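Per the working numbering, the sequence shown starts with residue 640, numbered consecutively. Glycine included, every Cβ here is placed at the ideal spot set by N, Cα and C. This structure is a prediction, so every number in the text was calculated from the model and none was measured. Encoded as structure tokens, the structure appears first; notes follow it.
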Amino acid sequence: MDEVKRIMELRELLEYHNRRYYIDNAPEIGDIEFDMLMHELERLESLHPECYDPNSPTCRVGTDLSNDFATVPHEYPMLSLSNTYSREELIDFDSKVRRGLDEGTAIEYVCELKYDGTSISLIYEKGALVRAVTRGDGVKGDDVTANVRTIQRIPLRLHGDFPERFEIRGEILMPFSVFDRLNIERVEAGEQPFANPRNAAAGTLKLQNSSVVAKRRLDCYLYYIPTPIPAIESHFDSLHKASEWGLNVAGNYKMCNSIDDVWSYIEFWNEKRGELPVPIDGVVIKVNSYSAQEQLGYTAKSPRWAIAYKFKAEQACTELLSITYQVGRTGSITPVANLSPVHLAGTTVKRASLHNADVIAALDIHEHDFVLVEKGGEIIPKIVGVDHSRRTEGAKPVEFITICPECGMGLVREEGEANHYCINPNCPPRVVAAIEHFASRKAMNIEGLGGEIVDLLLSKGKINTVADIYTLRGRRSELIGLEKVVDEPDDDSENIVEDEPVSLANMFDADFESRLKSQGTQRRVFRMQERSVDNLLNAIERSKSAGLAALIYALGIRHVGESASKDLAATFKSMDALLAASVEDFKRIDGVGEQMANSLFDFFSDFGNRMIIDSLRAAGVVMESTSEQSSSQFEGMTFVITGTLSRGREEFKRMIQTAGGRVSDSVSSKTTYLLAGESAGSKLAKAEKLGITILDEASFIRMLNGN
Ligand code: IVH
């Protein structure tokens, strides 16, 4: 069959199944079948570049090209809504609407949820998405089409009797589940978590790299068509039509004939909002008929035919017991309020972040104050005020600590920074966090070296710095049987701490032994077993070739994140060049400002850091940019993989291929090496017979790393 015809056919087919899955919630085919169709399309499109279409389902994954957001004017200004907070204000709105319309006109209101994300304007032409623009200043916004195309819930093509050209608006949201996971990842990577799903959605939409946007799994609900469409006479009909064309309109809008009905809708959703997968912060009430809307018109800022009712953030008042100061990976100090446990929006809150000294000062908190805790869109509860009437006489104002609670070193607060820092590089939590960060997935990616293991190795004196990780191989026998005893409260239902994203128990591998003793607490003994030790040592060995960008990021230099690390590696290409660079040299990189350049220079000038880098180099950690050396140590070699390895075969296959080698399925005289895992069978026997060199995983990794 004609390949070009097949491309068109596949696009249509995939669009259909996307719609069944994301819009209708009624998938007809399984993931595997879907992926197969997608792969076929990808393959054919790569053979036919002339068929490129930004709206092809294959473009959903985004690109790595940088987005430069152009500013585009809105065809209809993006207005806001006036807010109301009480039933009285709604009654007031209703009377104004009645006064504005001919006497006796029956009024219908459409009630909808007020989604708490970031608004978007979509333009469809001939049924294809052509542009997506943020609200901006209401008159003009940023063209974020490339990013929006990655959102699965936004159809790239419509079907049915859609108008030739129209605009539809809605809200881009980050579901709670995605938000929680993203924040855990950010904390693990040493990045600042997002305060709430709204900020996370808005931040994601403005990312430069649309493939990262694609991975964030944003959601979108559409709620308003500003373009007049001849056949449509009311808002209700427009929503109905939009769903028919394949657009994602939330199903929970409702027609109401009186403010009493509106109020029931509000009460219902105020109660149920916790059950939704995405955040809402109120209800929007719209006059249904377009002719009535026209009669009512607009003020400079908002339509007179619609209003928002905002839910009250749930609050609770509780006693401040104490403030704990946590020392982070970079030495930043975070004050945390320990509260007398209080029930709030379905969970028990015991702690709340106080962020920094400015926040404490602004709240003017005194010791043992009764504080107001609120959960708005935020997952982490925050303290929004103090009940002054309950302050004990003579209570002292809370004063921010001046010395590090962990090591006693004087804290520093640099100009322009909100945070206090402990600058002692040997401060224990900094060391644990720094090593944990070094091993994290986006850094050196040493699986099995999480916080608890790092803690264990540090406390038993097995390591002191990141460089010591690479000496562990020679001390395998000392590691086997290392034990850690952890006492955890028996009943954790009363112990839900909202702002503690990572629980202790799940940081351990499944093959760590766990014994339970019940005495009000659970005592768990985690013991490192032979297999875990070997997996860990293999992971450490593999990490040597993580590459320069990963290494720079892994070093945990203040202000230097993942993407800056990539830029630095691409520009400087070697650790030696970084060690020799001046502040000016760093500043020449796009995106590296004064602050980051200084931080880099200070880091690489520090004697202790240079020692660590030397030890890493001596251990065989790759210090050059891998893109340059696109290694070829396996050039001309053919590998066969057999038996059970510590990771999937695909991963080993990838390693071999990146190093220039070939992977074959069967052993023959042409095979150079057999990589044999545990319980290898017939292939091992055949290779032995043919006299082919057999590698176990550890020697393979050593060979990969060039020793
Ligand atoms: S209608 C002219 N409907 O709330 C009316 N807005 O303060 C246009 N929002 O900027 C808005 N859910 O971002 C409308 N169901 C809904 C909404 C909604 C959330 C947001 C939107 C808008 C803001 C208004």
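Going by DSSP, name the residue or residues bridged to residue i.
{"i": "residue 1211", "result": "According to DSSP, residue 1211 bridges with nothing at all."}
{"i": "residue 1243", "result": "According to DSSP, residue 1243 bridges with nothing at all."}
{"i": "residue 974", "result": "964"}
{"i": "residue 858", "result": "812"}
{"i": "residue 1043", "result": "Partner(s): none; residue 1043 has no beta bridge."}
{"i": "residue 781", "result": "710"}
{"i": "residue 894", "result": "749"}
{"i": "residue 992", "result": "975 and 1021"}
{"i": "residue 981", "result": "988"}
{"i": "residue 1332", "result": "1312"}
{"i": "residue 1049", "result": "1042"}
{"i": "residue 942", "result": "937"}
{"i": "residue 620", "result": "Because the chain here runs from 640 to 1346, residue 620 falls outside it and cannot be looked at."}
{"i": "residue 954", "result": "1013"}
{"i": "residue 959", "result": "978"}
Can you check which of these residues, the options, is closest to residue i by C-alpha distance?
{"i": "residue 847", "options": "826, 785 and 856", "result": "785"}
{"i": "residue 1297", "options": "835, 1343, 1256 and 904", "result": "1343"}
{"i": "residue 1036", "options": "968, 1260 and 1003", "result": "1003"}
{"i": "residue 862", "options": "890, 844 and 855", "result": "890"}
{"i": "residue 1064", "options": "1305, 966 and 1007", "result": "966"}
{"i": "residue 1256", "options": "1182, 1198 and 1314", "result": "1182"}
{"i": "residue 1282", "options": "1291, 1274, 1276 and 1275", "result": "1291"}
{"i": "residue 1317", "options": "1295, 826, 1284 and 1307", "result": "1284"}
{"i": "residue 1335", "options": "1345, 1312 and 1325", "result": "1312"}
{"i": "residue 1341", "options": "1238, 697 and 1314", "result": "1314"}
{"i": "residue 849", "options": "818, 880 and 791", "result": "791"}
{"i": "residue 712", "options": "782, 765 and 755", "result": "782"}
{"i": "residue 775", "options": "732, 735, 762 and 716", "result": "716"}
How many angstroms separate the CA atom of residue i from the CA atom of residue j?
{"i": "residue 1107", "j": "residue 1289", "result": "30 Å"}
{"i": "residue 1136", "j": "residue 990", "result": "For residue 1136, the predicted model reports a pLDDT of 29, less than 50, meaning its position is unreliable; a value from the coordinates is still stated below. One C-alpha to the other measures close to 7 Å."}
{"i": "residue 651", "j": "residue 691", "result": "15 Å"}
{"i": "residue 746", "j": "residue 897", "result": "8 Å"}
{"i": "residue 1218", "j": "residue 968", "result": "22 Å"}
{"i": "residue 1039", "j": "residue 1057", "result": "12 Å"}
{"i": "residue 767", "j": "residue 834", "result": "35 Å"}
{"i": "residue 730", "j": "residue 771", "result": "36 Å"}
{"i": "residue 1321", "j": "residue 1278", "result": "16 Å"}
{"i": "residue 1164", "j": "residue 1059", "result": "36 Å"}
{"i": "residue 1227", "j": "residue 809", "result": "41 Å"}
{"i": "residue 877", "j": "residue 670", "result": "32 Å"}
{"i": "residue 1101", "j": "residue 1071", "result": "13 Å"}
{"i": "residue 1067", "j": "residue 672", "result": "51 Å"}
{"i": "residue 916", "j": "residue 815", "result": "6 Å"}
{"i": "residue 1148", "j": "residue 1295", "result": "Since pLDDT at residue 1148 reaches only 32, below the 50 mark, its modelled position is unreliable, and the value read off the structure follows with that caveat. Distance between the alpha carbons of residue 1148 and residue 1295: 27 Å."}
{"i": "residue 1306", "j": "residue 1329", "result": "9 Å"}
{"i": "residue 794", "j": "residue 886", "result": "6 Å"}
{"i": "residue 998", "j": "residue 1013", "result": "15 Å"}
{"i": "residue 1144", "j": "residue 823", "result": "Unreliable placement is indicated for residue 1144, whose pLDDT of 31 sits below 50; no coordinate value is reported for it."}
{"i": "residue 902", "j": "residue 983", "result": "23 Å"}
{"i": "residue 644", "j": "residue 686", "result": "13 Å"}
7 Å is my cut-off, CB to CB: does residue i come that close to chain B?
{"i": "residue 1243", "result": "Reference to chain B is not applicable here, since this structure consists of a single protein chain."}
Note the first and the last residue of the continuous beta strand (DSSP E) segment covering residue i.
{"i": "residue 920", "result": "919 to 926"}
{"i": "residue 749", "result": "748 to 754"}
{"i": "residue 1303", "result": "1301 to 1303"}
{"i": "residue 1025", "result": "1021 to 1025"}
{"i": "residue 761", "result": "757 to 764"}
{"i": "residue 1062", "result": "First-last for residue 1062: undefined, no H or E at that position."}
{"i": "residue 1115", "result": "Where residue 1115 is concerned, there is no enclosing beta strand (DSSP E), although the alpha helix (DSSP H) it sits in stretches over 1115 to 1118."}
{"i": "residue 1013", "result": "1009 to 1014"}
Please report the residue range of the alpha helix (DSSP H) in which residue i lies.
{"i": "residue 655", "result": "642 to 657"}
{"i": "residue 904", "result": "898 to 911"}
{"i": "residue 712", "result": "It is not in any alpha helix (DSSP H) - residue 712 instead sits in the beta strand (DSSP E) that spans 710 to 712."}
{"i": "residue 1072", "result": "1067 to 1078"}
{"i": "residue 671", "result": "670 to 686"}
{"i": "residue 1104", "result": "Here residue 1104 belongs to no alpha helix (DSSP H), and DSSP marks it neither H nor E."}
{"i": "residue 1397", "result": "Nothing about residue 1397 can be reported from this structure: the residues present for the chain run from 640 to 1346 only."}
{"i": "residue 1172", "result": "1169 to 1182"}
{"i": "residue 770", "result": "Unbroken run through residue 770 is the beta strand (DSSP E), 767 to 773; no alpha helix (DSSP H)."}
Please confirm whether any heavy atom of ligand 3 lies closer than 6 Å to the CB of residue i.
{"i": "residue 753", "result": "Ligand 3 is not part of this structure, which contains only ligand 1."}
* Is there contact here, the stretch 1247 to 1260 with the stretch 1167 to 1174, by at least three beta-carbon pairs under 8 Å? -> Between the stretch 1247 to 1260 and the stretch 1167 to 1174, the count of Cβ pairs shorter than 8 Å is below three; the stretches do not touch.
* Asked: Any chance the stretch 738 to 751 sits against the stretch 918 to 931, with 3 or more Cβ pairs inside 8 Å?
  -> They touch, by the three-pair rule.
* To do: For the stretch 1193 to 1213 and the stretch 1235 to 1248, state whether three or more C-beta atom pairs, one from each stretch, are separated by less than 8 Å.
  => Look at the beta carbons and you see the stretch 1193 to 1213 touching the stretch 1235 to 1248: at least three pairs across the two are nearer than 8 Å.
* Please confirm if the stretch 798 to 809 is in contact with the stretch 862 to 873, defined as three or more CB-CB distances below 8 Å between the two stretches. => Yes, the stretch 798 to 809 is in contact with the stretch 862 to 873.
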